[in-house]
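Working notes, structure below.
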Amino acid sequence: MKILVCISVVPDTTTKITFTDANSKFNTAGVQFIVNPYDELALTKALELTEQYGGTVTVINVGTDTEPVIRKALAIGATDAIRVNAEPKDAMFVAAQIAAQAKAGGFDLVFTGRESIDYNGGMVAGLVAEMLDWPLLNVVTKIEVNGNTVLATRDIDGGKEDLECQLPCVASAQKDLCEPRIPNMRGIMGARTKPLNVVEPFAGFDFADYHLYELPPAKQGVRLIDPANAGELIDLLHNEKKVI
Amino acid sequence: MSVIVFAEHNENIFKKSSFEAISYGKDLADKLNTNCVAVAIGCSDTNALSNLGKYGASKVLNATGNTLKVFEAAAFAKAFCEVAQSQSGNVVIISNTYNGKSLAPRVAARMNASIVSGIVAMADTTSGFSVKKSCFSNKAFTYVQMKEANKVLALVPNSYPAKESGSSVTPENVSVAVSDADIKTISKSISTVKGKVPLTEAEVVVSGGRGMKGPENWGMIEELAEWLGAATACSKPVADMDWRPHSEHVGQTGITIKPNLYMAIGISGAIQHLAGVGSSKVICVINKDPEAPFFKAADYGIVGDAFEVLPQLIERAKQLKA
Ligand SMILES: Cc1cc2nc3c(=O)[nH]c(=O)nc-3n(C[C@H](O)[C@H](O)[C@H](O)COP(=O)(O)OP(=O)(O)OC[C@H]3O[C@@H](n4cnc5c(N)ncnc54)[C@H](O)[C@@H]3O)c2cc1C
Ligand SMILES: Nc1ncnc2c1ncn2[C@@H]1O[C@H](COP(=O)(O)O)[C@@H](O)[C@H]1O
Chain A
1 MKILVCISVV
11 PDTTTKITFT
21 DANSKFNTAG
31 VQFIVNPYDE
41 LALTKALELT
51 EQYGGTVTVI
61 NVGTDTEPVI
71 RKALAIGATD
81 AIRVNAEPKD
91 AMFVAAQIAA
101 QAKAGGFDLV
111 FTGRESIDYN
121 GGMVAGLVAE
131 MLDWPLLNVV
141 TKIEVNGNTV
151 LATRDIDGGK
161 EDLECQLPCV
171 ASAQKDLCEP
181 RIPNMRGIMG
191 ARTKPLNVVE
201 PFAGFDFADY
211 HLYELPPAKQ
221 GVRLIDPANA
231 GELIDLLHNE
241 KKVI
Chain B
245 MSVIVFAEHN
255 ENIFKKSSFE
265 AISYGKDLAD
275 KLNTNCVAVA
285 IGCSDTNALS
295 NLGKYGASKV
305 LNATGNTLKV
315 FEAAAFAKAF
325 CEVAQSQSGN
335 VVIISNTYNG
345 KSLAPRVAAR
355 MNASIVSGIV
365 AMADTTSGFS
375 VKKSCFSNKA
385 FTYVQMKEAN
395 KVLALVPNSY
405 PAKESGSSVT
415 PENVSVAVSD
425 ADIKTISKSI
435 STVKGKVPLT
445 EAEVVVSGGR
455 GMKGPENWGM
465 IEELAEWLGA
475 ATACSKPVAD
485 MDWRPHSEHV
495 GQTGITIKPN
505 LYMAIGISGA
515 IQHLAGVGSS
525 KVICVINKDP
535 EAPFFKAADY
545 GIVGDAFEVL
555 PQLIERAKQL
565 KA
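So the protein lines, in turn, are chains A and B. Residue 38 in my numbering sits at position 38 of the first sequence, with consecutive numbering throughout. If you want my numbering, it's the position in the second sequence, counting the first as 1, plus 244.
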C-alpha cells in the first residue's frame, strides 16, 4: 500500500498569537513550528497500516521554509517526503498540489488531518477527494484496511457513523485514531538522509486572499458573584444576558 | 445569479444551523440584489420544507432520488451542484456541521469556487467580497477576500441568528441525475445519542473539570444541565481518566463549541481548553482558586467551592423553570 500523508506546519499549540505589518501578517518571531497534531495521528496510523500490510509512507507538505518540520515527520518513520515549493495560499491551491502528486505517484490512500490548527479550514481532504474523484472518509476515529476495502468510523453531529469504501480513497484523522508516535534517536539520525524531493507547484488557483487579522475583543472583565449567594448568577443569566 | 443554501435535515427534521444559514443567505442575497434558494436533499416532509421559507428562502427545492436517503458526500455534492446550477447559483452557503464539512469542499471543487470555512459574520460586499473567519483555534480572526465568481461559504453554527423574516413557500421536488455509481462510501451503521442535546448543537453547555474530583460527583453537573436544557462537556484530563466519555471532551484536541452560555466548573482554563470554548457568547466560571486563568476569559465568575455553589445553582434553576 502506498500512502501519502499530508503535513501542515503550524505554530505550537501554546503560541501567543500576534500580528505585524498593520495586522496583515502573522508574527512568526519566536514561534515554534510543529507538525499539525492531527497530521501526526494520520502519519502514525499510516505507519501502523504499512507495518501490518507492507508498503510505504510518503509525507507531503506545501510550504517554503518547512524542511525542519518535514524532517521530524521522517524521524517519526515516514519513508520519504515531497515538498511542494510554494506558499500554501489557500485550501484550494494546497489541495490541487496534493491531488496532482497523489495521482502522479500512484498512491492508494491520501491521509490528512481533520483540520490544521492555524487556519482551521478542514477543507483539504474533501477538496482532494473531489479533485481525484475518490471516496472521502472525513474526521475518522477508526480505520481498518482489508484487501481493497476500507472500514472507518467517522464523527457525525451527536454520534458516529461506520462506513466502508474501496481504495483508493482520502481519509482525515481525528483524535482517538491512535496514540501519536514520537521520534526516537535512531529515527532522528536516519531522517537526515531520507529522500526529500522538492517539486515546483502547478500554476493557477489563486482563489482567496488572507489579508487582515484581528484578535478577539478583550473581555470586559469578569463580574464576580458572592459564593454565598450563588443563585444570583442564574438570575443574571436569565434577566440580563437572556441566555437561559 | 443567486445564493444557494444547503438545508440539512436529519430524518426530515431540519437543523437549527440550517435556519441560520438560510437567514444568512437571505441577508446576503439582499446585499447582492438577488434571491436566496434553499436546497434540501432527500426530504419527504412537505411542511418542514415549506417552513424553510420563513427564514428567508424565496424558493425551496428538494432533490429526490432513491440514492439520496442517507448522507453521502460525493453523491450529495453532485445532486446539490446540479440543482445549484439550474438556479444559476454562484454563492453557496453551507453550515460547518460534520456533514457540511464533507459536503462543502466537494461542492467547491466541482464549482471551481473560492472556499472559506469557519465564517463567523456577514460578508462585506462593499469592496470585493470579504468574509471574517476564526483562525488559530479561536485565538484570532482573519478577513479573506474571495476572488472567484463562484464562492462556497461554510458558516460556523451559532454565529448568525436564525430570523423568521419571510413566509412559508411551496417546495418543489426536483429529480437529479444521481445514481448508485455516484455513491462512493457505504453507510454501515449510525449511532447517535438519543434524547440528549448533542454538544455541537447545544445553546447552553455545563462543563466540569478535574476540580469535580471524581465521576461520582457528576450527578450535580447533570442535574444543573437538565434544568437548563443544556448539554454536558468536560476538560481533557476528565475524559482521559474515563470519568466522562471522550465525546464530551472540548478544547483544542476535542470538540469546538460556540454556545450562548458555557459554564465551566472546576476547570482551570488552560489555553488548549479555551481554544475550544473561548468564543462562547457568555462564559461563567466557578473555581475555588481566584488566580485560575479562566477568570480572565469569563463574563461572570464565582470564586468558591463547586460543591457548595452547585447546589445553590440547581436550586435557583429549578425555581426559574418551575
Ligand atoms: C497539545 C495539548 C492539547 C490539549 N488539548 C486540550 C483540550 O482539548 N481540552 C482540554 O480541556 N485540555 C487540553 N489540554 C490540557 C490542558 O493544558 C490542561 O491540562 C487541562 O485543560 C486541565 O484540565 P482541568 O482544568 O480540568 O484540570 P486542572 O488544570 O487540574 O484544573 C482543575 C481546576 O479546578 C479547580 N478546583 C479544584 N477543586 C475545586 C473545587 N472543589 N471547586 C471549584 N474548583 C476547584 C482548581 O482550582 C483548578 O483550577 C491539552 C494540552 C496539550 C499539551
Ligand atoms: N500546506 C500544506 N501542506 C500539506 N498538507 C496540508 C497543508 N495544509 C493543510 N494540509 C493538510 O490538510 C489538512 C486539513 O487542513 P486545512 O483544510 O487547512 O484545515 C491538514 O491536517 C493537513 O493534513
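Built from N, CA and C at the ideal position, the CB exists for glycine as well. Please read all numbers here as calculations on a predicted model, not as lab measurements.
Exercise. For A/D21, name the three-state secondary structure that DSSP assigns.
Key: Here A/D21 sits in coil by DSSP.
Self-check item: For A/N23 and A/D162, the rounded distance between their alpha carbons
Solution: When rounded, the distance between both Cα atoms is 44 Å.
Exercise. Classify B/D300 as buried or exposed, calling it buried when 16 or more other Cβ atoms lie within 10 Å of its own Cβ.
Key: For the record, residue 300 of chain B in the displayed sequence is Gly; it is not Asp. In this structure B/G300 is buried. Its beta-carbon is surrounded by 16 or more other beta-carbon atoms within 10 angstroms.
Exercise. Please check the pair A/L4 and A/Q101, which I expect to be a contact at CB under 8 Å, by giving their CB distance rounded to whole angstroms.
Key: The beta-carbon separation of A/L4 and A/Q101, rounded to 7 Å, stays under the 8 Å limit for a contact.
Quiz item: Of all the CB atoms in chain B, is at least one closer than 8 Å to the CB of A/M185?
Solution: No, because no Cβ of chain B sits closer than 8 Å to the Cβ of A/M185.
Quiz item: What residues does ligand 1 have around it, judged by CB closer than 5 Å to any heavy atom, in chain order?
Solution: A residue is listed when its beta-carbon falls short of 5 Å from at least one non-hydrogen atom of ligand 1; in chain order these are A/T13, B/G453, B/R454, B/G455, B/S479, B/K480, B/P481, B/G495, B/Q496, B/T497, B/G498, B/G510, B/I511, B/S512, B/A514, B/Q516, B/H517, B/N531, B/K532, B/D533, B/A536, B/D549 and B/A550.
Exercise. Give the residues from the stretch 115-132 of chain A that approach chain B closer than 8 Å (Cβ to any Cβ), ordered along the chain.
Key: For the stretch 115-132 of chain A, the set of positions with a beta-carbon nearer than 8 Å to some beta-carbon of chain B reads I117, D118, Y119, N120, G121, G122, M123, V124, A125, G126, L127, A129, E130 and M131 in chain order.
Quiz item: Looking at C-alpha atoms only, which residue of A/L132, A/D133, A/L109 and A/L137 is the closest neighbour of A/G122?
Solution: Ranking the options by Cα distance to A/G122, first place goes to A/L137.
Exercise. List the residues of chain B whose Cβ lies closer than 9 Å to the Cβ of A/E164, in chain order.
Key: The contacting residues are T429, I430, S431 and K432.
Practice problem: Report yes if the C-beta of B/S358 is less than 7 Å from at least one heavy atom of ligand 2; otherwise report no. | Solution: Outside the cutoff, so no.
Exercise. With a 10 Å radius around its C-beta and 16 neighbouring C-beta atoms as the bar for buried, classify A/Y119 as buried or exposed.
Key: The residue in question, A/Y119, is buried, as its Cβ has 16 or more Cβ neighbours within 10 Å.
Exercise. Please name the residues in the stretch 134-164 of chain A whose beta-carbon is closer than 8 Å to at least one beta-carbon of chain B, in chain order.
Key: Taking 8 Å as the Cβ-Cβ cut-off, the stretch 134-164 of chain A approaches chain B at W134, P135, L136, L137, N138, V139, L151, R154, D155, I156, D157, G158, G159, K160, E161, D162, L163 and E164, given in chain order.
Quiz item: Opposite B/S339 in the DSSP bridges: which residues?
Solution: B/L399.
Self-check item: B/D368 beta carbon less than 8 Å from that of B/S361
Solution: No, the Cβ-Cβ distance between B/S361 and B/D368 is not below 8 Å.
Exercise. Count the CB pairs spanning the stretch 124-134 of chain A and the stretch 349-364 of chain B that are closer than 8 Å, and state whether there are at least three.
Key: In the pairwise beta carbon analysis, the stretch 124-134 of chain A is classified as touching the stretch 349-364 of chain B: at least three pairs are separated by under 8 Å.
Exercise. Just mark A/Q32 as buried or exposed, buried being the case when its beta carbon has 16 or more other beta carbons within 10 Å.
Key: That one is exposed.
Self-check item: Cα-Cα separation between B/K391 and B/A519, rounded to whole angstroms
Solution: It is roughly 29 Å from the alpha-carbon of B/K391 to the alpha-carbon of B/A519.
Exercise. Kindly list, in the order they appear in chain A, the residues whose Cβ is closer than 8 Å to that of B/A541.
Key: Per Cβ cutoff of 8 Å: K219.
Self-check item: Chain-ordered chain E contacts of B/Q556 [CB-CB under 7 Å]
Solution: Reference to chain E is not applicable here, since the protein chains of this structure are A and B.
Quiz item: So, helix, strand or coil for A/D118, using DSSP?
Solution: Secondary structure at A/D118: coil, using DSSP grouped into helix, strand and coil.
Quiz item: What did DSSP end up calling A/G113 once you bin it into helix, strand or coil?
Solution: Correct three-state label for A/G113: strand.
Quiz item: At a CB-CB cut-off below 7 Å, which residues of chain A make contact with B/F380?
Solution: Taking a Cβ-Cβ cut-off of 7 Å, the neighbours of B/F380 in chain A comprise I17 and D118, given in sequence order.
Practice problem: Tell me whether A/G63 is buried or exposed, calling it buried when 16 or more other Cβ atoms sit within 10 Å of its Cβ. | Solution: So A/G63 counts as buried.
Quiz item: Is the stretch 283-297 of chain B touching the stretch 251-262 of chain B in the sense that three or more CB pairs, one from each, lie closer than 8 Å?
Solution: Output reads yes: the stretch 283-297 of chain B touches the stretch 251-262 of chain B.
Quiz item: Relative to the alpha-carbon of A/K154, which residue among A/V10, A/K142 and A/M131 has its alpha-carbon at the smallest distance?
Solution: The sequence shown places Arg at residue 154 of chain A, not Lys. For A/R154, the closest alpha carbon among the candidates A/V10, A/K142 and A/M131 is that of A/K142.
Quiz prompt | Distance CB(B/I337)-CB(B/L293) smaller than 8 Å | solution = Inclusion of B/I337 and B/L293 in the CB contact set at 8 Å is not warranted, their separation being larger than that value.
Quiz prompt | Cβ neighbours of B/A406 in the same chain (closer than 7 Å, five flanking residues each side left out) | solution = The beta carbon of B/A406 is closer than 7 Å to those of K260, F263, E264, S267 and Y299 in its chain, skipping five residues each way along the sequence.
Quiz item: Cβ of A/Y210 within 7 Å of any heavy atom in ligand 2?
Solution: False, no ligand heavy atom lies under 7 Å from that Cβ.
Quiz item: Looking only at C-alpha atoms, which of A/D133, A/C169, A/M131 and A/G159 sits nearest to A/V145?
Solution: Of A/D133, A/C169, A/M131 and A/G159, the residue nearest in Cα terms is A/C169.
Quiz prompt | Proximity to A/W134 [Cα-Cα], best of B/G439, B/D271, B/L397 and B/D426 | solution = Closest by C-alpha distance to A/W134, out of B/G439, B/D271, B/L397 and B/D426, is B/D426.
Self-check item: Counterpart residues of A/T28 in DSSP-defined beta bridges
Solution: The partner list for A/T28 (beta bridge, DSSP) is empty, contrary to what the question assumes.
Quiz prompt | B/N461 beta carbon less than 8 Å from that of B/K395 | solution = No, these two residues do not count as a Cβ contact at 8 Å.
Quiz item: Counting only runs that start and end within the stretch 346-399 of chain B, where is the beta strand (DSSP E) found for 3 or more residues in a row?
Solution: DSSP runs (the beta strand (DSSP E)) wholly in the stretch 346-399 of chain B: 358-363, 374-379, 384-390 and 395-399.
Quiz prompt | Delimiting residues of the beta strand (DSSP E) encompassing A/G204 | solution = Element bounds for A/G204: n/a, residue is neither H nor E.
Exercise. Give, in chain order, every unbroken run of the beta strand (DSSP E) that is at least 3 residues long and sits entirely within the stretch 114-201 of chain A.
Key: Fully enclosed beta strand (DSSP E) runs of 3 or longer: 136-146, 149-156, 159-166, 169-173 and 196-199.
Quiz item: Of all the CB atoms in chain B, is at least one closer than 8 Å to the CB of A/V31?
Solution: So no, A/V31 is outside the interface.
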